[in-house]
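First up is the structure itself, then whatever we jot down about it.
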DNA sequence: TTGAAAGCGTTACCAA
DNA sequence: TTGGTAACGCTTTCAA
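Okay, here's the thing in structure tokens:
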């Protein structure tokens with residue numbers, strides 16, 4: 002009937018005392034050291050659960066020099082793209098007994114630096130960067146590339162391992178899809194060009210247009226959320242692009258959120274989708290399956306990216322080495338109604 | 002020109018040695034102890050930045066017994082409702098130098114328990130519950146209600162402080178709005194009824210219907226995501242409710258995600274929104290502003306809930322007492338086109 | 001104003 | 001198989 006008889010604070014020494022053994026024995030028993038016989042281990046475990054003892058992680062961390070925590074740095078966890086990546090990271094981490102801290106920089110360099118410092122102070126063993134930047138406090142930390150990985154967005158400085166899709170190839174597929182449907186006046190609402198990801202998409206769009214003998218028509222948005230997409234589309238419709246007064250018959254958006262905003266702007270102008278104007282998104286958010294019309298998009302395996310990122314990071318930390326430098330995950334063209342009927346296979350070879 | 006000359010590992014003792022003072026002086030200087038004169042403090046700070054020294058947080062935590070970290074427990078961070086709450090929590094926490102861990106239980110009790118244990122092991126100083134349950138390992142921890150707060154969902158066990166809106170009143174507003182537009186056959190797609198939040202909404206819906214002399218028509222969904230909403234609406238349309246073969250002229254959905262799925266199902270049946278059937282959501286997600294049609298909804302101040310929750314928790318931790326037991330935040334009816342024109346003020350007094 | 005020293009609760013090495 | 005014990009790097013009390 003022994004319950005966690007709420008005393009001040011149970012330490013390992015208390016458990017050892019009750020069990021009539023030394024703390025070192027308790028410590029070993031709790032980490033299933035093979036030298037401790039089963040009888041002893043069971044007896045100790047029983048006392049542990051009766052007393053409600055819990056290992057003081059801060060003492061353990063000080064002693065071992067490891068925290069078993071990692072930090073995910075991103076700009077903005079409320080951007081719909083990220084939570085699923087974070088959840089993927091958590092899936093793997095929690096299986097391995099590793100905690101996940103989340104830090105949203107919100108564009109503040111000060112916050113980014115503060116987060117980077119967490120690695121120096123031993124709060125975390127590693128970093129997963131979703132924002133494409135290594136905090137500058139870490140730039141000249143020796144071997145920092147062994148405890149940092151980048152996911153989705155590559156990092157300019159240094160040689161940080163990266164998990165991503167081939168953004169250029171994904172855009173190839175998007176543009177070719179639209180071309181195959183007969184469109185010739187195809188615009189691109191691009192994301193922030195300081196991001197290599199959005200730059201890669203925009204560059205690939207231009208390449209594809211030019212090799213099809215068509216004029217690229219790019220509207221760069223400063224962010225990649227709904228509002229930005231709405232405004233970008235409005236200005237795109239107002240401007241009339243290369244040939245003044247013309248409007249695109251198809252718009253490839255750098256994110257699904259941009260696409261949702263842009264489709265709204267188009268409808269407000271009385272345009273029918275896809276009858277008057279077709280849309281393609283990027284990301285494959287769940288909401289795209291039920292939008293009006295459902296959105297043709299490039300599905301990015303967000304959860305899988307999280308899995309891969311966490312695996313790679315935890316492996317690198319465990320082995321103290323840098324393994325793969327780049328892991329590419331497959332994307333998928335999801336054909337829905339925002340572009341009309343499909344006339345090509347979902348995935349080129 | 003001294004740079005962080007990458008030596009093995011700089012400790013406070015090293016800094017003290019270089020400065021020609023004792024570690025205790027360094028420790029004091031770094032926490033701006035008034036006893037340390039400015040000259041000394043500046044000299045020490047200079048050495049700190051030259052050597053790239055960073056305080057070992059694990060040692061500090063062991064010594065002080067505080068971690069300056071909190072943990073947010075939720076079911077599923079990829080449900081669109083939560084990230085903004087988490088971001089609100091982070092806003093406040095990072096200002097106060099507190100780190101935020103995120104734990105998604107994904108419905109697993111084992112994971113929930115593991116997270117609860119983080120409080121016992123000193124990994125975190127407090128918990129913010131977004132899932133309405135206190136991990137059972139904590140139920141008989143003395144004074145656990147001083148380091149746990151619940152946000153958005155109340156907790157059945159014990160007296161955990163709560164930040165929320167008045168879900169019942171919010172539903173009053175939603176139902177009255179729909180009634181005022183002339184609807185009489187109003188259905189409710191409810192969320193999981195083990196959650197007090199969704200139960201409060203469903204109960205309030207029924208109360209309002211009955212006092213209007215109308216028959217409640219509730220379809221309970223097991224979750225509150227898009228797919229669930231889609232399926233619930235399909236089955237609702239198939240069943241025909243009280244009067245077989247009838248269909249509602251308005252549907253109040255327990256979440257915006259449910260509403261998006263449900264609207265899709267309605268459109269698939271060829272119903273016009275709001276001409277044939279009106280919809281109301283709950284949450285006020287950004288996407289609702291650009292859905293087709295834009296969704297009338299109850300906006301819940303998610304970020305503000307996060308702010309309030311973090312403030313309350315950090316205050317309780319600092320003062321070692323339990324302050325307010327309940328803080329109610331205002332909600333807002335956002336009238337858009339999914340119900341047709343508004344005929345009542347946005348907020349009743 | 002500064003220094004010395006005693007822990008904080010573990011882990012892991014060395015003996016037994 | 002077990003025990004004793006020295007760290008881990010910091011904070012803080014007590015003296016000087």
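Residue numbers (the numbering used here), protein chains in the order written: chain X, 2 to 350; chain W, 2 to 350.
All residues carry an ideal CB built from backbone N, CA and C; glycine is no exception.
All of these numbers come straight from a predicted model, not from anything done at the bench.
What is the DSSP secondary structure of residue i, counted as helix, strand or coil?
{"i": "residue 298 of chain W", "result": "strand"}
{"i": "residue 340 of chain X", "result": "helix"}
{"i": "residue 240 of chain X", "result": "helix"}
{"i": "residue 213 of chain W", "result": "coil"}
{"i": "residue 83 of chain X", "result": "helix"}
{"i": "residue 220 of chain X", "result": "strand"}
{"i": "residue 175 of chain X", "result": "helix"}
{"i": "residue 255 of chain X", "result": "coil"}
{"i": "residue 305 of chain X", "result": "helix"}
{"i": "residue 148 of chain W", "result": "coil"}
{"i": "residue 164 of chain W", "result": "strand"}
{"i": "residue 20 of chain W", "result": "helix"}
{"i": "residue 334 of chain W", "result": "strand"}
{"i": "residue 14 of chain W", "result": "helix"}
{"i": "residue 315 of chain W", "result": "helix"}
{"i": "residue 131 of chain W", "result": "coil"}
{"i": "residue 327 of chain W", "result": "strand"}
{"i": "residue 284 of chain W", "result": "strand"}
{"i": "residue 321 of chain W", "result": "coil"}
So that I know if they touch, is there some Cβ in chain W lying closer than 8 Å to that of residue i?
{"i": "residue 229 of chain X", "result": "no"}
{"i": "residue 261 of chain X", "result": "yes"}
{"i": "residue 30 of chain X", "result": "no"}
{"i": "residue 81 of chain X", "result": "yes"}
{"i": "residue 366 of chain X", "result": "The shown model of chain X, from 2 to 350, leaves out residue 366 of chain X, and the question about it has no answer."}
{"i": "residue 112 of chain X", "result": "yes"}
Is residue i close to chain X, meaning its C-beta is less than 8 Å from at least one C-beta of that chain?
{"i": "residue 78 of chain W", "result": "yes"}
{"i": "residue 101 of chain W", "result": "yes"}
{"i": "residue 293 of chain W", "result": "yes"}
{"i": "residue 132 of chain W", "result": "no"}
{"i": "residue 56 of chain W", "result": "yes"}
{"i": "residue 59 of chain W", "result": "yes"}
{"i": "residue 330 of chain W", "result": "no"}
{"i": "residue 224 of chain W", "result": "no"}
{"i": "residue 236 of chain W", "result": "no"}
{"i": "residue 337 of chain W", "result": "no"}
{"i": "residue 68 of chain W", "result": "yes"}
Looking at residue i: is its Cβ nearer than 8 Å to the Cβ of residue j?
{"i": "residue 309 of chain X", "j": "residue 283 of chain X", "result": "no"}
{"i": "residue 67 of chain W", "j": "residue 126 of chain W", "result": "yes"}
{"i": "residue 189 of chain X", "j": "residue 253 of chain X", "result": "yes"}
{"i": "residue 191 of chain W", "j": "residue 202 of chain W", "result": "yes"}
{"i": "residue 105 of chain X", "j": "residue 76 of chain X", "result": "yes"}
{"i": "residue 250 of chain X", "j": "residue 184 of chain X", "result": "yes"}
{"i": "residue 128 of chain W", "j": "residue 71 of chain W", "result": "yes"}
{"i": "residue 40 of chain X", "j": "residue 27 of chain X", "result": "no"}
{"i": "residue 58 of chain W", "j": "residue 99 of chain X", "result": "no"}
{"i": "residue 88 of chain W", "j": "residue 78 of chain X", "result": "yes"}
{"i": "residue 275 of chain X", "j": "residue 216 of chain X", "result": "no"}
{"i": "residue 260 of chain W", "j": "residue 280 of chain W", "result": "yes"}
{"i": "residue 341 of chain X", "j": "residue 180 of chain X", "result": "no"}
{"i": "residue 30 of chain X", "j": "residue 19 of chain X", "result": "no"}
Any contact between the segment 325-345 of chain W and the segment 292-305 of chain W? By contact I mean 3 or more CB pairs, one from each, below 8 Å. yes
The segment 76-88 of chain X / the segment 319-328 of chain X touching (three or more Cβ pairs under 8 Å): no
Which of the residues in the segment 149-177 of chain X, read from start to end, lie with their CB under 7 Å from any CB of chain W? none
Report yes or no: do the segment 152-159 of chain X and the segment 124-142 of chain X share at least 3 C-beta pairs separated by less than 8 Å? yes
Contacting positions in the segment 114-126 of chain W - beta carbon closer than 8 Å to chain X: 115, 118, 119, 121, 122, 123 and 124
Quick check: the segment 256-263 of chain X against the segment 213-233 of chain X, are at least 3 beta-carbon pairs closer than 8 Å? yes
Evaluate contact between the segment 112-120 of chain W and the segment 259-273 of chain W, counting only Cβ atoms and requiring at least three cross-stretch pairs below 8 Å. no
Using a Cβ cut-off of 9 Å, which residues of the segment 201-221 of chain X contact any Cβ in chain W, in chain order? none
Please list the residues of the segment 85-110 of chain W that have a C-beta atom closer than 7 Å to any C-beta atom in chain X, keeping them in chain order. 85, 87, 88, 91, 95, 100, 101, 102, 103 and 105
Check each residue of the segment 264-290 of chain X: if its Cβ is closer than 8 Å to any Cβ of chain W, include it; give the result in chain order. 264, 265, 268, 287, 288 and 290
Residues from the segment 297-319 of chain X in contact with chain W, defined by Cβ distance under 7 Å: none
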